[in-house]
Amino acid sequence: MATPTITHVIFDMDGLLLDTEGFYTLVQEKILEPYGKKFDWELKAQMMGRKAIESARIFVEASGLTGVLSPEEFLDERERMLQELFPSCTLLPGTVLCSRNYEVVSGAGKGFCALQIRSRTLGEPSSCKGDTDVCCDGVIPFSLSFYGTYYFLFIFYLFCLFSSHQRHFSLKTQNHGKLFSLMHHVVKGDDPEVKQGKPSPDVFLAALRRFEGNVDASNCLVFEDAPTGVAAAKNAGMSVVMVPDERLDLSYRKQADQVISSLLEFQPEYWGLPPFED
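In the numbering used here, the protein residues as written are 28 to 305.
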């Protein structure tokens, strides 16, 4: 099967770019302790990537707490503890690498991101001169003058999605503004266009509609860590690179087009994209 032409890249956030999944595990373990229950990875796999209320219902039912703890009570208790933890979240391995290689250098005002892939020594470019606010509308790749150094560029769109609502997003990203400034747009779990949570394709289709032009789903590459997220992306007709937690059962990885243990292992050239800088 031929590798599709990738023009747009979509990142999940929790457990993929930001190390927040451990917070969810810790908090949910604490909630179950008074009831003499254990939180395991089988239950976590069912909850990951879903809307909060959907995850809460699964949690309560699977833990045998129906009639004892309501989904709403679970969410209230979890919310209180998570708000204290989120501001301390860190970037996962490889995220810094991606943000360093994919630094926006121009084009933001035109609705796309021109991303630096690798520097090269080039002759004086005839089609593109000036500062980083200048962008050529020619054939990809193209050259751009950047403080006296010319860069080999490849244009594609970046997008970030997450199941959190605005309050959680602000807490999680308050120390990572530079990374999220690279994103063309974001879609939150409480977005009105997202009627159903993962594995429904709603969130990915909402993302697709917000890109400029008539973008085909087959040209989108999704990075996900959650089984439901992988299923949602595939249901949307997109390709998926899965970066699962090592504790996740192997059976949950079968639907992904590619599985890597961390973003550090990602090789853009596998998908027809220029390689990272050394």
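For every residue, glycine included, the Cβ atom is placed at its ideal position computed from N, Cα and C.
| Query | Result |
| --- | --- |
| C-beta atoms of V242 and E251 nearer than 9 Å | no |
| Boundaries of the alpha helix (DSSP H) in which I322 is found, first to last residue | The requested residue 322 does not occur in the structure, where the chain is confined to residues 28 to 305. |
| Of the listed residues E60, E296 and V267, nearest to D39 (C-alpha basis) | V267 |
| Buried versus exposed, by CB contacts within 10 Å (16 or more), S82 | buried |
| Inter-stretch contact (C-beta, 8 Å, three-pair minimum) for the region 52-66 and the region 228-236 | no |
| Test item: CB-CB of G216 and L119 under 9 Å | no |
| Cβ shell of V230 (< 7 Å), same chain only, five flanking positions each side left out | L188, V214, V221 and A259 |
| Buried or exposed by the 16-neighbour rule on C-beta atoms within 10 Å, applied to L290 | buried |
| Residue span of the beta strand (DSSP E) that contains D39, given as start and end | H35 to D39 |
| Per-residue DSSP class, three states only, for Q73 | helix |
| Beta strand (DSSP E) segment containing S245, residue limits | Counting along the chain, S245 falls outside any beta strand (DSSP E), and DSSP gives it neither H nor E. |
| Contact belief for P21 with M75 at Cβ below 8 Å, rounded distance in angstroms | The structure shown does not extend to residue 21, since the chain spans only 28 to 305, so no value can be given for it. |
| Rounded separation between F303 and Q294 - CA only | 8 Å |
| Of the listed residues G204, R77, S115 and I33, nearest to G224 (C-alpha basis) | R77 |
| Buried/exposed call for S133, threshold 16 Cβ in 10 Å | Per-residue confidence for S133 stands at a pLDDT of 31, beneath the threshold of 50, marking its modelled position as unreliable; no derived number is given. |
| Coil, strand or helix - Q294 by DSSP | coil |
| Local conformation of Y174 per DSSP, three classes | In this prediction, Y174 has a pLDDT of 25, which is less than 50 and means its spatial position is unreliable; what the coordinates show is noted afterwards. Y174 falls in the coil class under three-state DSSP. |
| Cβ distance (whole Å) where F196 is taken to contact L109 below 8 Å | About 12 Å separates the two Cβ atoms, so there is no contact after all. |
| Three-pair Cβ contact test at 8 Å for the region 94-110 versus the region 271-289 | no |
| Limits of the alpha helix (DSSP H) - the one that M269 falls within | Note, M269: premise wrong, no alpha helix (DSSP H); beta strand (DSSP E) at S266 to M269. |
| With 16 other Cβ atoms within 10 Å as the buried cut-off, status of V36 | buried |
| 9 Å Cβ cutoff met for W68 and D218 | no |
| Sub-9 Å separation of E292 and G121 beta-carbons | yes |
| Cut-off 8 Å between Cβ atoms - residues of its own chain near Y297, not counting five sequence neighbours on either side | T30 and Q285 |
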